[in-house]
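K.L.:
In the numbering used here, the protein residues as written are 656 to 974.
We put the beta carbon where it would ideally sit given N, CA and C, even for glycine.
Please read through the structure below; I'll follow up with questions.
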Ligand code: FAD
């Protein structure tokens, strides 16, 4: 079922969804199943599975030479989605990137998803390859997420890349895109970023999932700004509980998000990471409680295979 249909069906009751990573190459799928099982009691409308593009590694080849190798550390997004749908009878949503995909690759990827009975996709640009400063689109690939949304929408309209194909079948994907309450790190300013977000919606995206934030006011302000420029699709908040002391610096550096003073002060006083984890759970539970009270249809957790803290957050928030 489409994300938009899940929202309509819930009739205002807040639902909880989760996002997981495929396992590292060499590991099996059992770990994924084990991390999802404890969360099924919350009857998630869907589970997202991230996509991880190739990385470059340099290995010594002898004689002082280095060999550049292309590695994909976390393959399996599509297979995992299919396995989740079949095992848990829940909608699984693959993320799909511009980076690393030609338009032809994208079309073939989408055809696989359609044949597997996957109804939703999250369309993203992707980041620069590790060790590179700027994002480089693939030759004959999509440059921005809005171009990818356009390609998916074309397929939904039965328009394939080969203009000579006749009697084509239309796909019917519900399309999610990313939104940034504190603006995307490369955007020159908030309003420009918002303008490009609107472009994704105008090209056919059906809903937005946000980057993590630790201050709900930033989310509420973001929603207000979206509504003011005519973005009227559902906006799903993305939440990540803080779990380690090092994340105080890592999260702002990696995701360009601010951590509120009160949260930082509490974490700095914690005696170890067990205490930090507890602070993160309580903070995220209070955020969730406020989002439920505000009538937010779905709260999405970047659970990343760690189900125990997410379970506690939802339980505390639902009291
Ligand atoms: P875009 O919407 O294309 O925006 C990228 C930048 O370009 C922004 O600064 C925007 O303002 C600007 N821009 C957009 N359109 C235009 C235009 N037409 N002209 C000029 N400038 C423009 N990464 C992964 O690798 N795998 C994942 O599974 C993954 N999942 C994610 C899930 C969520 C919910 C979020 C929030 C992020 C996720 N990411 C993932 C990270 C994402 O790929 C990066 O944040 C990436 O840098 C931007 O992706 P985007 O889709 O927001 O890009």
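Is DSSP giving residue 865 helix, strand or coil here?
P.N.:
Counting from 1 along the chain shown, the entry for residue 865 is found at position 210. Residue 865 falls in the strand class under three-state DSSP.
K.L.:
What ranges does the beta strand (DSSP E) occupy inside the stretch 886-949, keeping only unbroken runs of at least 3 residues that lie completely in it?
P.N.:
890-894
K.L.:
Which stretch, first to last residue, makes up the beta strand (DSSP E) that contains residue 671?
P.N.:
As a first step, residue 671 must be located in the chain shown, where it is residue number 16. Unbroken beta strand (DSSP E) run through residue 671: 670-675.
K.L.:
Determine the DSSP secondary structure at residue 797, reduced to helix, strand or coil.
P.N.:
Here residue 797 refers to the residue found at position 142 of the chain shown. It is coil, neither helix nor strand.
K.L.:
Assess contact between the stretch 957-972 and the stretch 681-692, defined as three or more Cβ pairs (one per stretch) separated by less than 8 angstroms. Is contact present?
P.N.:
yes
K.L.:
If you draw a straight line from the alpha carbon of residue 749 to that of residue 722, how long is it in whole angstroms?
P.N.:
Start at 1 with the first residue of the chain shown, and residue 749 comes out as number 94. Start at 1 with the first residue of the chain shown, and residue 722 comes out as number 67. Looking at the two C-alpha atoms, the distance is approximately 32 angstroms.
K.L.:
Check whether the Cβ atoms of residue 759 and residue 871 sit closer than 8 angstroms, and answer yes or no.
P.N.:
Residue 759 sits at position 104 when you count from the first residue of the chain shown. Residue 871 sits at position 216 when you count from the first residue of the chain shown. Cβ atoms of residue 759 and residue 871: not closer than 8 angstroms.
K.L.:
Cβ of residue 747 within 8 angstroms of Cβ of residue 778?
P.N.:
Numbered from 1 along the chain shown, position 92 holds the residue referred to as residue 747. Numbered from 1 along the chain shown, position 123 holds the residue referred to as residue 778. No, these two residues do not count as a Cβ contact at 8 angstroms.
K.L.:
Let me confirm a value: residue 798 is counted as buried when at least 16 other C-beta atoms fall within 10 Å, else exposed. Which label applies?
P.N.:
Along the chain shown, one-based indexing puts residue 798 at 143. Under this definition residue 798 is an exposed residue.
K.L.:
Does the stretch 774-789 touch the stretch 827-834, meaning 3 or more C-beta pairs lie closer than 8 angstroms?
P.N.:
Contact between the stretch 827-834 and the stretch 774-789 is present, because at least three Cβ pairs lie under 8 angstroms.
K.L.:
Just mark residue 887 as buried or exposed, buried being the case when its beta carbon has 16 or more other beta carbons within 10 Å.
P.N.:
As a first step, residue 887 is located in the chain shown; it is residue number 232 there, counting from the start. Result: exposed.
K.L.:
Quickly, what does DSSP pair residue 956 with across the bridge? List them, please.
P.N.:
Within the chain shown, numbered from 1, the residue matching residue 956 stands at position 301. The partner list for residue 956 (beta bridge, DSSP) reads 673 and 894.
K.L.:
Taking the straight line between their C-alpha atoms, what separation do you get for residue 756 and residue 766?
P.N.:
Here residue 756 refers to the residue found at position 101 when the chain shown is read from its first residue. Here residue 766 refers to the residue found at position 111 when the chain shown is read from its first residue. Cα to Cα, residue 756 sits roughly 14 angstroms from residue 766.
K.L.:
Quick one: give me the first and last residue of the alpha helix (DSSP H) that residue 853 is part of.
P.N.:
Residue 853 sits at position 198 when you count from the first residue of the chain shown. Where residue 853 is concerned, the enclosing alpha helix (DSSP H) stretches over 845-857.
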